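Under UniProt numbering, the sequence shown has 122 at position 122, and the numbering climbs by one with no breaks. Glycine included, every Cβ here is placed at the ideal spot set by N, Cα and C. Every value quoted in this text rests on a predicted model; they were computed, and no experiment measured them.
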Amino acid sequence: MSKSADSFTWTSDNDRVATVSGTGLVTGVTPGKVKITATDKQTQLSASVEVIVKPVSVESVTVTPDSTSVEKGKSVKLRVDVQPSNATNKKVTWTSKNSDKATVDQNGNVAGVAVGTATIEVVSQDGSHKATATVEVTAAPAA
């Protein structure tokens, strides 16, 4: 006679790596190894299995807007979207390929330095994906 999943008590030996529901559904939280144990509520017999939670890799990086302008001496904010949304490491590095025209900080804030065009690049921390935006730095209006 088979038993349903709710006839067991389910436990994870490390909830920081994976959790397990009352019906035995295991959800990975962070990469690592975890032991999941099912204990029969009536007999108290148990069985365990080791589960390996693998990292979720970055599949794409996009920057918006991909083209914009900013006045010399002013700044504009670029935004990055790293997919999938549950990627293990969503950290990115911002760089300006033309820092004589515009600079960028690690939050995507681009500052106009001199009139001209700058390419701003954002790269996933593992280096597997990148995106660029073109920023046109314009002259400040005459006072």
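Which residue marks the beginning of the beta strand (DSSP E) containing residue i, and which one marks its end?
{"i": "residue 79", "result": "79-83"}
{"i": "residue 130", "result": "130-138"}
{"i": "residue 112", "result": "109-112"}
{"i": "residue 18", "result": "18-20"}
{"i": "residue 12", "result": "8-12"}
{"i": "residue 104", "result": "102-104"}
Helix or strand or just coil, what does DSSP make of residue i?
{"i": "residue 96", "result": "strand"}
{"i": "residue 124", "result": "strand"}
{"i": "residue 2", "result": "coil"}
{"i": "residue 118", "result": "strand"}
Alpha carbon to alpha carbon, how far is residue i from residue j?
{"i": "residue 16", "j": "residue 31", "result": "9 Å"}
{"i": "residue 6", "j": "residue 47", "result": "15 Å"}
{"i": "residue 85", "j": "residue 66", "result": "20 Å"}
{"i": "residue 89", "j": "residue 110", "result": "23 Å"}
{"i": "residue 225", "j": "residue 53", "result": "Here the chain has residues from 1 to 143 only, and residue 225 is not among them."}
{"i": "residue 105", "j": "residue 118", "result": "14 Å"}
{"i": "residue 22", "j": "residue 29", "result": "17 Å"}
Considering only C-alpha positions, which residue in the set the options is nearest to residue i?
{"i": "residue 58", "options": "106, 134 and 123", "result": "123"}
{"i": "residue 132", "options": "80, 121 and 47", "result": "121"}
{"i": "residue 115", "options": "72, 64, 126 and 83", "result": "72"}
{"i": "residue 74", "options": "129, 113 and 65", "result": "113"}
{"i": "residue 60", "options": "82, 94, 78 and 87", "result": "82"}
{"i": "residue 78", "options": "91, 69 and 64", "result": "64"}
{"i": "residue 41", "options": "69, 54, 9 and 33", "result": "9"}
{"i": "residue 68", "options": "125, 127, 108 and 2", "result": "108"}
Q. Which residue spans inside the segment 22-69 form an unbroken beta strand (DSSP E) run of at least 3?
A. Whole beta strand (DSSP E) segments, 3+ residues: 26-28, 32-40, 46-53 and 60-64.
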